[in-house]
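Undergrad:
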Amino acid sequence: MSITLNSPLDMHLHLRDEAMLKTVAPLSSRDFAGAVIMPNLVPPVDTKEALLAYKERINSAIGDDTFTSYMTLFFKPTYTKEFLESVKDELIAIKLYPAGITTNSEGGLSGFDVDELRPTLDAMAELNIPLCVHGETNGFVMDREAEFVSIYEMLATNFPKLKIIMEHITTKASVEALDKFENLYATITLHHLLITLDDVAGGMLQPHLFCKPIAKRPEDREALRKVALEGHSKVMFGSDSAPHPQHAKENCGCAAGVFTSPIAVQVLTELFMEHSNLENLQAFISGNAQKIYTNITVPEKSITLEKKPFVVPAIYGTVVPMYAGETIAYSIV
Ligand code: NCD
Ligand code: ZN
Ligand code: ZN
C-alpha cells in the first residue's frame, strides 16, 4: 500500500550556507514543497539585500526541484514600518531570538519591553507579517520554555492582531497556552515527538540528539503528540532540522541541533500511521500551515511513500542525521 502526501511543508528549517547549504538543501527540496528558512546565519539575515541574496543561493542549491523557500528576517526592534512595507512581499515572517539563547543568536533581543517593541510589532500586525519566536528564557535549562510562556502571553495580549508562532515547542505548558490565546500558534519538530531527555542524556550521551530547546519529560512529549496526532489546527510541522558538521557535534562543546530533513517525512508517516491517520498527517504537514500563514502560495507536489525498510545513511556530506545507520520503516518511492 502506498501513501501520498500533498505538498508537504517544513515550517522551520535551517539550510545554512556555502558547502553545507549545497549538501542539505537538496534533501529538503526532494521531500517538501516548501520550507520556512531560518535567518540565523553569521551575520544574521537582517536586510532586504541579504534576504534576496540568500534566497538566490538557496535556489541555486536546490536545482530543478519544485520547492519554495519562504524567507524570514532576523527580528530587530529598529525595523520601521517603511522598511517592513518595502520587504513584506519577499518574506513569510520575522524570527525573534532572545540574545544568546541558541545557535547564532548573539544579535537577538536582550529584553522584552513592550514600549520598545510596539512600533515594529504594531506595523507587523498591520502588514500581516507573523512573528516567529524561539521562546526560551535564560533560566534553568529544563524550565526555560515554560518560563517563557508568560512572555508569549504578554505579547499575545498586547498585540492581539499579531500572529505569533511559538517555534519548536517542547512542553505541556506551551501546548496549554495555544488554546488560551487566539493569536498563538506553534510548530512541532519530529524529534520532540519522538524523544525525551532520557534519550539524550539518560544513558551514554547522544550528541546528535542534543538541541535547543532540550527534549523534556514524557508528559511533555505526550502533550505534543496529542495535538500533532489529532491534527490540531494551530500546530504545524516544523522540522527545525539544524545541521552541524560532525566535528562540531562530536566534540567537547557540542553544537545544538538535530539533523532530520532526510528522514522527516518517512518517520512522521510511520508515527501517524501507527497512532493516527493520513488525514491528520496531511493537516499537520501542510493544511494547517496554509490556513495559518495566509500570506503564502504553495506549489503543487505530491510525495509517495511505501512501507519498505530504508537504511539511513551514516552521514550526508559532513552531517550525521538522526537514526544514522538505523533502519526506518517507510521509504519514499
Ligand atoms: C538551531 C541551529 O542550530 O540553528 N539549533 C537548535 O538546536 N534547534 C537553532 C534553533 O532553532 O534554536
Ligand atoms: Zn530555535
Ligand atoms: Zn531552529
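Going by the working numbering, the residue at position 324 of the sequence shown is 325; the numbering climbs one at a time, nothing skipped. We put the CB at the ideal spot given by N, CA and C, even for glycine.
1) Could you tell me if VAL268 is buried or exposed, where buried requires 16 or more neighbouring beta carbons within 10 angstroms of its beta carbon?
2) Is SER70 helix, strand or coil when you go by DSSP?
3) Considering only C-alpha positions, which residue in the set SER234, GLY203, HIS192 is nearest to PRO214?
4) Considering only heavy atoms of ligand 1, does any lie closer than 7 Å to the CB of LYS250?
5) On the three-state DSSP scale, how would you describe ASN296?
6) From what residue to what residue does the beta strand (DSSP E) around THR104 run?
7) Could you name the residues of the same chain whose beta carbon sits closer than 7 Å to that of ASN159, not counting the 5 residues immediately before and after it, in chain order?
8) Per the contact definition of three or more C-beta pairs closer than 8 Å, is the region 222-236 in contact with the region 302-311?
9) Distance, Cα to Cα, LEU97 vs PHE76?
10) Residues around ligand 2, please: the condition is that the C-beta lies closer than 6 Å to some non-hydrogen atom of it.
11) Based on Cα-Cα distance, which residue from PHE211, LEU225, PRO208, LEU198 lies nearest to ARG218?
12) Look up ASP11 in the DSSP assignment and give the residues it is bridged to.
13) Just to confirm, are HIS135 and THR103 a CB contact at a threshold of 8 Å?
14) Rounded to whole angstroms, what is the Cα-Cα separation between VAL201 and THR261?
15) Excluding the 5 residues flanking ARG222 on each side, which residues of the same chain have their C-beta closer than 6 Å to its C-beta?
16) When the Cβ atoms of the region 121-134 are set against those of the region 147-167, are three or more pairs found closer than 8 Å?
17) Taking the Cβ atom as the reference point for each residue, do ILE297 and VAL313 lie within a distance shorter than 8 Å?
18) Is the separation between the beta-carbon of LEU128 and that of ILE59 shorter than 8 Å?
TA: Reading off the structure:
1) buried
2) For SER70, the secondary structure class from DSSP, reduced to helix, strand or coil, is strand.
3) Closest in C-alpha terms to PRO214, from the list SER234, GLY203, HIS192, comes HIS192.
4) no
5) coil
6) Run containing THR104: none; DSSP gives neither H nor E here.
7) Excluding sequence positions up to five before and after ASN159, its CB lies within less than 7 Å of the CB of VAL115, all in the same chain and listed in chain order.
8) no
9) 5 Å
10) THR103, HIS135, GLU168, HIS169, LYS213
11) LEU198
12) ALA36
13) yes
14) 15 Å
15) THR197, listed in sequence order.
16) yes
17) no
18) No.
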